[in-house]
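Numbering (this note's numbering), first residue to last: 48 to 363.
Just so you know, even glycine gets a beta-carbon here, dropped at the ideal spot from N, CA and C.
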Amino acid sequence: MNKKVKSNYEQLGQYLGLRFDEEQEVLHGQKDGFELIVGPNEVNGKVYYMLNICLGADNQGKTLTKDEIKEFVKAHKTVSGLVNEGHTVTMVLKSYLNQKKLRANAQEAIQELTAFLRGKGYVPCCQYCGRETETEGYLVSGNHIGLCEECAASLAQNITLAQNQENEKKENMIGGIVGALVGSLLGVACIVILSQLGYVAALSGVVMAVCTLKGYEIGSGKLSKRGIVISVILMLVMTYVGDRLDWAIMIARELEVDIATGYRYFPLLLSEDIIDFGSYAANLVLVYAFLLLGAIPTIRNANKGKKVQRTFGKLR
Numbered sequence: 048m049n050k051k052v053k054s055n056y057e058q059l060g061q062y063l064g065l066r067f068d069e070e071q072e073v074l075h076g077q078k079d080g081f082e083l084i085v086g087p088n089e090v091n092g093k094v095y096y097m098l099n100i101c102l103g104a105d106n107q108g109k110t111l112t113k114d115e116i117k118e119f120v121k122a123h124k125t126v127s128g129l130v131n132e133g134h135t136v137t138m139v140l141k142s143y144l145n146q147k148k149l150r151a152n153a154q155e156a157i158q159e160l161t162a163f164l165r166g167k168g169y170v171p172c173c174q175y176c177g178r179e180t181e182t183e184g185y186l187v188s189g190n191h192i193g194l195c196e197e198c199a200a201s202l203a204q205n206i207t208l209a210q211n212q213e214n215e216k217k218e219n220m221i222g223g224i225v226g227a228l229v230g231s232l233l234g235v236a237c238i239v240i241l242s243q244l245g246y247v248a249a250l251s252g253v254v255m256a257v258c259t260l261k262g263y264e265i266g267s268g269k270l271s272k273r274g275i276v277i278s279v280i281l282m283l284v285m286t287y288v289g290d291r292l293d294w295a296i297m298i299a300r301e302l303e304v305d306i307a308t309g310y311r312y313f314p315l316l317l318s319e320d321i322i323d324f325g326s327y328a329a330n331l332v333l334v335y336a337f338l339l340l341g342a343i344p345t346i347r348n349a350n351k352g353k354k355v356q357r358t359f360g361k362l363r
């Protein structure tokens, strides 16, 4: 969030009477008894001026019908969508760059939504347990949610317990290596199959990375930094093996020999310039480039996902 967007959100918060949590990039607070959390729509990346307005509401376990949702959205031109899942109601507003319009539309839509819910028999509640009680905004495993005091304490305890169990879990390195090797073989198969179809695709890099890392995690019981290093080494080695196997299949086809013989002939054909070294090197570099293209975000997301699962705190 840049300075301009931050300033606009601060002004929006003041206009709506909500607090702005700069770190989490959301507004939160009470409106007509409902605990609101207002933030950017995140369906395709953060769209700061397409607001998501989320609150806890319960009507004896019932949810809004399709007709009721259609009725509300049709009656309010600034609303692009309304969803009711469990004890959570989420309203999405249409995007507006004009900040005066955005603030006015948000205020009107919030007033209309709370009145609509009250009229349908809904009462404010905890988004987790559904009880009609005082709630506050929290960050739980990457999600912003209105919780009662009891649910907040319970979820905090569960997250701490899960984190302790993860930290205490022993790593079976041998099992992890076996699992990563099995996973990397799936990556090799992907490289070969796509190449035989005439493609050198980024998909092969993603498959190699995901399968190798997941294989290590399943085999060892956890994915540690050491596991990531071992998996990366295996990815590099097995990508070379996959490329070499691809050439072996082509040699076997051309010389009408078996694949094992084609694999053994490869260095000789390369040294004799029967296989053009430039073409071979260019293809190998491309394969490794796609491996990096798949591996780097996969590793980053794996680490980020673990951190997100452990997040818990009250919104400021």
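Supposed contact pair F359 and I206 - C-beta distance, whole angstroms, cut 8 Å: With a Cβ gap of about 5 Å, I206 and F359 count as contacting.
Quick check: the stretch 226-240 against the stretch 204-218, are there 3 or more CB pairs under 8 Å? no
State the DSSP-derived secondary structure class of M48, mapped to helix, strand or coil. coil
Please report the distance separating the alpha-carbon of I192 from that of G103. 8 Å
So, with DSSP's three-state summary, where would you put R357? coil
Residue closest to S142, alpha-carbon to alpha-carbon, out of S127, Q154, H134, N348: The residue with the shortest Cα to Cα distance from S142 is S127.
Looking at the strands, I want to know which residues DSSP matches up with C173. Answer is none; C173 lacks a bridge partner.
With distances taken Cα to Cα, identify the nearest neighbour of V85 among M220, V136, I322, S242. V136
Short Cβ contact (8 Å threshold) for A295 with F324: no
Beta-carbon separation of L260 and L250 under 8 Å? no
Short Cβ contact (8 Å threshold) for G184 with L362: yes
Would you call the stretch 214-226 and the stretch 115-124 in contact, with 3 or more CB pairs under 8 Å? Cβ pair count under 8 Å is below three, so no.
Is S242 helix, strand or coil when you go by DSSP? helix
Three-state secondary structure assigned by DSSP to S365: In the structure as shown, the chain starts at 48 and stops at 363, and residue 365 therefore has no counterpart that could be examined.
Buried or exposed: which applies to A227, given that a residue is buried once 16 or more other Cβ atoms fall within 10 Å of its Cβ? Around the beta carbon of A227, 16 or more other beta carbons lie within 10 angstroms, which makes this residue buried.
Looking at the structure shown, is Q77 part of a helix, part of a strand, or coil, going by DSSP? strand
Under 6 Å Cβ to Cβ from E264, same chain only, skipping five residues before and after it: list those, please. L270
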